[in-house]
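*Asks:*
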Amino acid sequence: MRKTVLSLLVWLAVVSGAMAAGPPVGEVPFVRASSKEEAVVKLQVLRKTLSTLPPRVTPEQKLIDERTYYRVGQTTVPLLRVAEEYAVRYRPGTSYEAGLRALKDAGVNVERVGTCVPTQLDILRLSADAAAAGGRALRSASSMVEKVYPVFVYPQDNARMIAGDDVIVCVEDEATLARLSGALANARAQVVRRLPSKNAITYLVRLEPDAELDTLGLCEMLHGQQGVLWAEPDFTREIFFDFTPNDPLFSMQQSHHNTGSNGAVADADVDAPEAWDVSVGSSSIVIAIIDDGVDTSHTDLLIAPGGYDFYNNDSDPSPTGTNGHGTGCAGVAAAVINNNYRTAGIAGGCKILPIKIAESTFASNTVIGNAIQYAADHADVLSNSWGGGGSSSFINTAIDYAVTNGRGGKGCPVFFASGNSASGWYQGGGRYRLSTSGLSGTYRFAFDYWKDVAISSGLDTVYIDNVCLLSSDGYTHIWREDFEGASFPPSGWTLVSSTGTNLWYRTTTNAYTATGGSYSARAGAIGNNQWTDLRTPLMTITGTETLAFAAYISSQAGKDGLYVDVYDSSDTYIGSWGLFSGVPTISTAVAYPANYVNTIAVGAASDCDRRSDYSQYGPELDFVAPSNGGWNDIVTLDPIGSIGWTSTDYKTNFGGTSSACPLAAGIGALRLSYSPTTTASALRSWMRANCDKIGGVVYSGGDPGAGGRNDQYGYGRVNAFLMVPVTVSHVEFE
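In terms of numbering that gives the first Met the number 0, the sequence shown has 634 at position 635, counting the first letter as 1, and numbering is strictly consecutive.
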C-alpha cells in the first residue's frame, strides 16, 4: 500500500488552560513515501522541527514519591519528582541555545521542555540512561552548567513546579527579619530585597552556592520561627493557558447570540444583544488581561495606558512568536463593538490593560503575584485564563489585595478559568481542524488508528465524535455526523481494517456529551503492526474547506495513534494528516488559582447548554460561560501579522475555559459600567444569583436566593442582560 503525506495545514486550538501538547501548529510538509510505515518514520523526524507547545508530563512518565512537600498556611502540599527531567541554570553569559548545544555535544541525550526567563531556567528531559545518573550527568557534561534542580509536579494536574534558589518569606514585622539573620547566615542564605507586596511584609531570600539546604528545606526550617507567617519557594511553575452590532463576524459569535444554527441549541448564550440595548460598557472601566501578552496595536481593541511585561520586566506587553492566547482573551472580553470590524467583545466599550506574565508555559510565583497586585492598582476587573500547580501563599496574598484594596477599596473581581483537563476530549480545550488546501475532487476521509511494532499505553485506542466539514469561512457547516443515528456505521460510512476484524464500533463508555448525545465512535482493539479505519462518505472538496472533529486519544506517544487518511473516488490512497497521539492527563477538580476562596472560578458550557467535557468542576466553581466543546468554536481576535496563531488578525478556533473566563469577566465589567459602586463581593453574589440554570441537572444549596448550585455548572450559565438593568426579576446585592 503506497501512501504519501499531503502538505496540509493542521491546527489544534490549545487554550487555557490547558496548554496540552497536541498536533503541530503550522503546515505539515509534503512527504512522499512508498508505504505508510515509511511515512510514519519521516513524520516522526519532521515533527521535531515543527512549532509545538511544551510537552506536558503524562501518565506514561515515571513520577517518584519522595515525601516532598511545602506548606501553604496549615496545609502541606505534596510534590512528586519527575524521574527524567531537570532544570538547569547556565553560567552568566550563556544563552539557552549555547547551553543546550554544549550538553548535546557532550553526548547527553536531552531535549528541551521549556524555558523561564525570569528565573533563568532551562527545563530539560533526559533519556532514561542519562536520567539514571541524575543531575550529576548534566553538571559534569558541561562547564556552562552552573546548577541543576529537580523537576516536581503537583499530583492533581501534573503541572511542573521547580524550586530554585529563592524563597519568599512573609514576616510580622521588620524586627522579625533582624531576629532571623543568624539562622539565615547558618543556612548560607541572604536577604536579596523586599518584595512590593502592599498587604504583607515579604522578602526574597536566596541560598548561596555552597548551601547544603535546598529551598524546600530552608522553608521547613523557617516554618514555626517566631514572627514568620509563612515561607515558600519562589517556584517556577507551569501554567496551562484556561442591540445587534455591525461587526462582520458577529453572526459566528454563538456565545453572545445563539440562533440555533450549525447544530447548536438556540439561546444557549449570554443574551448579549439584550444587554447591549442597555450598555456596551464604559471606557472608564478597565479589564486587565493577565496572560501571554496582548497586541496593543490591534484595531479592534481599546488599550488602556500602563500595560506591563512582568516576564521580561519591561513596559511592552506585546506577544511574541505564536503567542496569541492573550489577544484572543482580550477580544472575547472587549473587542470594540459596532465599529464594522471583526468581532464584538461582550464589553466592547471597555478598555483592556495588557499584563504579560509568560511567553511559554512557565512563570514564577513572584512574577505572577507582582502582576496581579499591579493589575489591581491599574484596572477594575482581572481576567486570568490560566492555572495549574499547587497553591502559593504569595499569589494568594496578591489576590487578597486585589479583592480587598482594588478600585479604591471596593475591590477588583478576580476571574480565573477552572481548567481544561476534565476529560480526554478536547484536551487543552481545542478540537482538531484539518485544512483541505491542496485537494480538489471527490474524496473520503479515513480515521485510522494505527499501531507500531511494540508497546501500548493508556487505553490504547481513539474515540471520535462531532465530525464536521466546514466551509471556507472556517465556521459554517457543510456536513456533520455525531453517531447518534439508529445504525452504525452511519449511512455512507465504511469500516476497514488490516485484519478484517477489530473494527470501529459505537459506545457510550467515555462518550462525548457536550452536545447532548450518548454515543461516540471508538477504534476496535488491534494488535501491534495493525490498523483499523472508520471512513466517511465521499464528498466534494475544493480545497477551501476544513475537516473538524472532536477526539479522545489515549495511546503510546509518538508511536501509536490517529492518522486521518484521504482516499479518492476509486479508493486510491492520496495522503495523510498525523500522527495524533499520547495519553491525556485528566484532572476533574477545579485548578489553582481558580479554586482559591477569593477568586471567581469560571467553567465552560457548550453551544448546546451542556458542560463542555473538558471543563473542570467541583464545589469551588462559581458558574459557567459559553465556549466551545459543542458544534462550534469561538471567533475572536489574533495578533496582527506573523505573531499569533494565524496570518490574519482574527481566528475562528478559540475556546476552552480560556474563552469562558474573559466572557464572564467582561460581563462583570458591564455590571461595573452600569453600577461602578458595586463591590467585588457584591458583584460575585450578583453574578451567582442571576445565572440561567442549564444542563438538565438539579441545583440545590448555595447562596440564599440564588436558586441553588451544581458542582458541574456552579450557579449556572452567566447572563449579561441580567447584569445591567435592575428589574423586579433580578436579585440585587450591594
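Glycine residues also receive a C-beta, built at the ideal position from the N, C-alpha and C atoms.
Note that the structure is predicted; figures quoted are calculated from it, not measured.
Measuring alpha carbon to alpha carbon, tell me which residue in S390, G695, R111 is nearest S359.
*Replies:* Along the sequence shown, read from residue 1 onward, the residue named residue 359 stands at position 360. Cα-wise, what sits closest to S359 is R111.
*Asks:* Among Y591, D606, G325, which has the Cα closest to the Cα of A600?
*Replies:* What you label residue 600 is simply residue 601 of the sequence shown in a count that begins at 1. That would be Y591, whose Cα lies nearest to the Cα of A600.
*Asks:* Would you say the beta carbon of V109 comes nearer than 8 angstroms to a heavy atom of the ligand NAP?
*Replies:* The ligand NAP is not among the ligands present in this structure, which contains no ligands whatsoever.
*Asks:* Run through DSSP, which three-state label would S314 get?
*Replies:* Translated into the one-based positions of the sequence shown, residue 314 becomes position 315. The answer is coil: DSSP assigns S314 none of H, G, I, E or B.
*Asks:* Beta-carbon within less than 6 angstroms of D564's beta-carbon, same chain only, minus the 5 sequence neighbours each way: which residues are those?
*Replies:* Working through the sequence shown from its first residue, we reach residue 564 at position 565. Answer for D564: A445, D447, S575, listed in chain order.
*Asks:* Starting from W449, trace the beta strand (DSSP E) in both directions and tell me its first and last residue.
*Replies:* Residue numbering aside, residue 449 sits at position 450 when the sequence shown is read from its first letter. Counting along the chain, the beta strand (DSSP E) containing W449 begins and ends at 440–449.
*Asks:* Can you give the beta carbon distance from T541 to S439, rounded, assuming they're within the 8 angstroms contact cut?
*Replies:* Here the question's residue 541 lines up with position 542 in the sequence shown. Here the question's residue 439 lines up with position 440 in the sequence shown. The Cβ separation is near 6 angstroms, so the contact holds.
*Asks:* From the DSSP output, in three-state form, read off E26 for me.
*Replies:* Indexing the sequence shown from 1 puts residue 26 at position 27. Confidence is the limiting factor: at E26 the pLDDT is only 38, short of 50, which leaves the residue's position unreliable and the question unanswerable from this model.
*Asks:* Closest to R80 by C-alpha separation, out of G484, G707, G133, V402, would be which residue?
*Replies:* Sequence index remark: in the sequence shown, residue 80 carries index 81 (1-based). Per the Cα distances, G133.
*Asks:* Determine the DSSP secondary structure at G713, reduced to helix, strand or coil.
*Replies:* Within the sequence shown, residue 713 is the residue found at index 714, counting from 1. DSSP places G713 in strand when its eight states are reduced to three.
*Asks:* Does the contact criterion of 3 or more C-beta pairs under 8 angstroms hold for the region 567–574 versus the region 360–370?
*Replies:* Result no; under three Cβ-Cβ pairs closer than 8 angstroms.
*Asks:* Are A520 and R430 closer than 9 angstroms when you measure CB to CB?
*Replies:* Taking the sequence shown and counting its residues from 1, the one referred to as residue 520 is at position 521. Taking the sequence shown and counting its residues from 1, the one referred to as residue 430 is at position 431. The answer is no: Cβ separation not under 9 angstroms.
*Asks:* Using DSSP with H/G/I as helix, E/B as strand and the rest coil, what is W685?
*Replies:* Along the sequence shown, one-based indexing puts residue 685 at 686. Here W685 sits in helix by DSSP.
*Asks:* Give me the residue from D648, Y400, G629 with the minimum Cα distance to A334.
*Replies:* As a first step, residue 334 must be located in the sequence shown, where it is residue number 335. Nearest of D648, Y400, G629 to A334, Cα basis: D648.
*Asks:* Work out the CA separation of F234 and S363 for me, nearest whole Å.
*Replies:* Position 364 of the sequence shown, counting from 1, holds the residue named residue 363. Position 235 of the sequence shown, counting from 1, holds the residue named residue 234. Rounded to the nearest angstrom, the two C-alpha atoms are 6 angstroms apart.
*Asks:* My assumption, with CB atoms under 8 angstroms, is that T118 sits in contact with G581. Please give the rounded CB distance.
*Replies:* Translated into the one-based positions of the sequence shown, residue 118 becomes position 119. Translated into the one-based positions of the sequence shown, residue 581 becomes position 582. So it is not a contact: roughly 27 angstroms between Cβ atoms.
*Asks:* Compute the beta-carbon to beta-carbon distance between Y613 and A416, rounded to the nearest angstrom, for a pair I have assumed lies under 8 angstroms.
*Replies:* As a position in the sequence shown, residue 613 is number 614, starting the count at 1. As a position in the sequence shown, residue 416 is number 417, starting the count at 1. Between A416 and Y613 the Cβ distance is about 11 angstroms, and since that is not below 8 angstroms, they are no contact.
*Asks:* Closest to A549 by CA distance: which of N501, D606, W630 is it?
*Replies:* Locating residue 549 in the sequence shown gives position 550, where the first residue counts as 1. Of the candidates N501, D606, W630, the one whose C-alpha sits nearest the C-alpha of A549 is W630.
*Asks:* Could you say which of A199, T677, Y148 lies nearest to C169 if we only look at CA atoms?
*Replies:* As a first step, residue 169 must be located in the sequence shown, where it is residue number 170. Ranking A199, T677, Y148 by Cα distance to C169 puts A199 first.
*Asks:* Starting from W478, trace the beta strand (DSSP E) in both directions and tell me its first and last residue.
*Replies:* Residue mapping note: residue 478 aligns to position 479 of the sequence shown, counting from 1. Residues 476–480.
*Asks:* Considering only their Cβ atoms, is the gap separating L669 from G280 smaller than 9 angstroms?
*Replies:* Within the sequence shown, the letter at position 281 stands for residue 280. Within the sequence shown, the letter at position 670 stands for residue 669. Their beta carbons are under 9 angstroms apart, which means G280 touches L669 by this criterion.
*Asks:* For the beta strand (DSSP E) that W576 lies in, which residues bound it at each end?
*Replies:* As a position in the sequence shown, residue 576 is number 577, starting the count at 1. From DSSP, the beta strand (DSSP E) with W576 extends over 572–579.
*Asks:* Mark Q741 as exposed unless 16 or more other C-beta atoms lie within 10 angstroms of its C-beta, in which case mark it buried.
*Replies:* Limits of the chain in this structure are 0 at one end and 733 at the other, which puts residue 741 out of reach.
*Asks:* Can you give the Cα-Cα distance for C467 and G628, rounded to whole angstroms?
*Replies:* As a first step, residue 467 must be located in the sequence shown, where it is residue number 468. As a first step, residue 628 must be located in the sequence shown, where it is residue number 629. When rounded, the distance between both Cα atoms is 13 angstroms.
*Asks:* Check for me: the alpha helix (DSSP H) holding W275 runs from which residue to which?
*Replies:* The count along the sequence shown starts at 1 and reaches residue 275 at position 276. Start and end: 271–275.
*Asks:* Tell me which residue opens and which closes the alpha helix (DSSP H) that R100 is part of.
*Replies:* Reading the sequence shown from its first residue, position 101 is the one you call residue 100. Run containing R100: 95–104, per the alpha helix (DSSP H) assignment.
*Asks:* Is R341 helix, strand or coil when you go by DSSP?
*Replies:* On the sequence shown, residue 341 is found 342 positions in, with the first residue counted as 1. Reduced to three states, the DSSP call for R341 is coil.
*Asks:* Considering only the beta carbon of each residue, do R716 and A624 sit closer than 9 angstroms?
*Replies:* As a position in the sequence shown, residue 716 is number 717, starting the count at 1. As a position in the sequence shown, residue 624 is number 625, starting the count at 1. It is a contact, given that the beta carbons lie within the stated cut-off.
*Asks:* With DSSP collapsed to three states, give me the class of P661.
*Replies:* By 1-based counting over the sequence shown, the position of residue 661 is 662. Correct three-state label for P661: helix.
*Asks:* In terms of residues, what are the limits of the alpha helix (DSSP H) holding A333?
*Replies:* The sequence position of residue 333 within the sequence shown is 334, counting from 1. Segment 324–333, the alpha helix (DSSP H) holding A333.
*Asks:* Please name the residue in V495, Y442, D608 whose C-alpha comes closest to that of V696.
*Replies:* For this step, residue 696 is matched to residue 697 along the sequence shown. That would be D608, whose Cα lies nearest to the Cα of V696.
*Asks:* Does the region 124–144 come close enough to the region 92–110 that 3 or more CB-CB pairs lie under 8 angstroms?
*Replies:* Because the criterion of three Cβ pairs below 8 angstroms is met, the region 92–110 and the region 124–144 touch.
*Asks:* Taking the alpha helix (DSSP H) that G181 falls in, what are its first and last residues?
*Replies:* Stepping through the sequence shown from its first residue, residue 181 is reached at position 182. Looking at the DSSP string, the run of the alpha helix (DSSP H) that includes G181 is 173–185.
*Asks:* Answer with buried or exposed for A271, where buried requires no fewer than 16 other C-beta atoms within 10 angstroms of its C-beta.
*Replies:* Residue mapping note: residue 271 aligns to position 272 of the sequence shown, counting from 1. Label assigned to A271: buried.
*Asks:* Which residues in the same chain have their Cβ closer than 7 angstroms to the Cβ of A664, if we skip the five residues on either side of it in sequence?
*Replies:* What you label residue 664 is simply residue 665 of the sequence shown in a count that begins at 1. Cβ neighbours of A664 beyond the five flanking positions: I286, A332, V380, S382, F414.
*Asks:* Can you give me the C-alpha to C-alpha distance between T545 and A136, rounded to a whole angstrom?
*Replies:* Residue numbering aside, residue 545 sits at position 546 when the sequence shown is read from its first letter. Residue numbering aside, residue 136 sits at position 137 when the sequence shown is read from its first letter. Going from the Cα of T545 to the Cα of A136 covers about 47 angstroms.
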